[in-house]
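If you're matching positions, the sequence shown starts at 10 in my numbering and goes up one per residue. Glycine included, C-beta positions come from ideal geometry on N, C-alpha and C. These figures come from a predicted structure and were not determined experimentally. Have a look at the structure below, then the notes.
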Amino acid sequence: MSDIKLYADLYDNALTEKEGDCTARPRINGTLYNADIARRIVEKRTEYRPETIENILTMADEEKSIGLASGMSVVDGVGQYLPQIKGVFDKPTDPFDPAKHTLFVAYTAGKTLRNKLKETVVVTNGQATVGPVIGGLTDSSTGKDDGTFTPGMPIVVGGNNIKITGKNEANGFYFIPAADGSTPVKATVIVHNNPSQLTVMVPATLPEGDYYISVTTQYAHSSTVKEPRSYKYPVLLSTAGSGSGGGEDDRPVIE
């Protein structure tokens with residue numbers, strides 16, 4: 010049996026009328042950066058220095074990114090990446106307009122990853138406690154849903170059970186810096202506060218960089234629960250225009 014395990018929680022399937030059927034959502038238990046990958050490789054092959062491996066991985070990221078941006082397909086063990094353009098051109102002579110068109114990357118799982126997924130033992134943990142779940146966000150100032158947001162401007166956050174209610178001081182919406190040990194920043198203005206959608210003003214003073222977002226609430230449909238429940242969105246986000254933000258932007262825009 011494989012020693013690779015993935016844990017998943019089961020949620021009510023809202024897309025069917027069948028009572029009792031569920032969908033599974035993997036538990037995201039961390040994020041791997043190049044430095045983490047380098048340390049893992051060193052643990053298996055001690056003749057390599059972690060700094061050397063991390064540097065090679067970073068250079069590989071740069072070369073892959075340049076290749077994709079130049080119109081090349083990139084293939085590695087994790088997957089195949091292919092540049093794509095989204096948007097409508099009104100006539101054949103129209104130029105690319107960033108306001109109407111988007112350059113993104115399509116992704117297909119690679120052979121190494123597919124084999125690892127086949128070996129993975131999925132462990133389901135039964136019915137999940139139905140608390141808040143963030144599904145994604147859109148930057149209202151740019152209309153983009155590519156994982157970027159603009160300080161001082163509103164973002165629209167979609168999800169389930171994310172309405173912020175209850176008297177506990179911990180309740181609220183947070184921007185969590187990706188750097189270890191950093192203090193989360195609580196949003197002070199919630200424009201719209203609904204169970205499936207929040208409109209949150211990003212603090213204008215939020216420093217440029219990479220962030221996670223989270224919501225803490227006592228909302229529970231027709232009542233409030235005694236203790237706050239939190240959900241941290243597992244996708245790394247960044248301030249618009251920050252490039253690599255804190256220096257570790259591992260979020261390719263893929264579809």
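Following the DSSP letters along the chain, one finds R238 inside the beta strand (DSSP E) bounded by residues S232 to K241. For I13, the closest of K125, V211, G168 and A213 by C-alpha to C-alpha distance is K125. Within the same chain, D154 and G167 come within 7 Å of G145 by CB-CB distance, once the 5 residues on both sides are set aside. The alpha carbon of T121 has as its nearest neighbour, out of D70, Y228 and V87, the alpha carbon of V87. Of all C-beta pairs linking the segment 48 to 59 to the segment 170 to 182, fewer than three are shorter than 8 Å, placing the two stretches out of contact. If only complete runs of 3 or more residues are kept, the segment 46 to 103 shows the beta strand (DSSP E) at 88 to 95, in order along the chain.
The Cβ neighbour count for A213, taken over all protein chains shown within 10 Å, is under 16; the residue is labelled exposed. Excluding sequence positions up to five before and after N43, its CB lies within less than 6 Å of the CB of E63, L66 and T67, all in the same chain and listed in chain order.
Between V131 and L15, the gap from beta carbon to beta carbon is short of 8 Å. Collapsing the DSSP output to three states places A188 in coil.
With 16 or more other Cβ atoms from the protein chains shown falling within 10 Å of its own Cβ, D219 counts as buried. For T121, the enclosing alpha helix (DSSP H) covers residues K120 to E128. The DSSP-derived three-state label of A17 is strand. Looking at the DSSP output, K195 shares a beta bridge with Y183. When secondary structure is reduced to three states using DSSP, A213 falls in the coil class, being assigned neither helix nor strand. V244 and P104 have their C-alpha atoms spaced approximately 32 Å apart.
Rounded to the nearest whole angstrom, the C-alpha separation of A33 and T133 is 8 Å.
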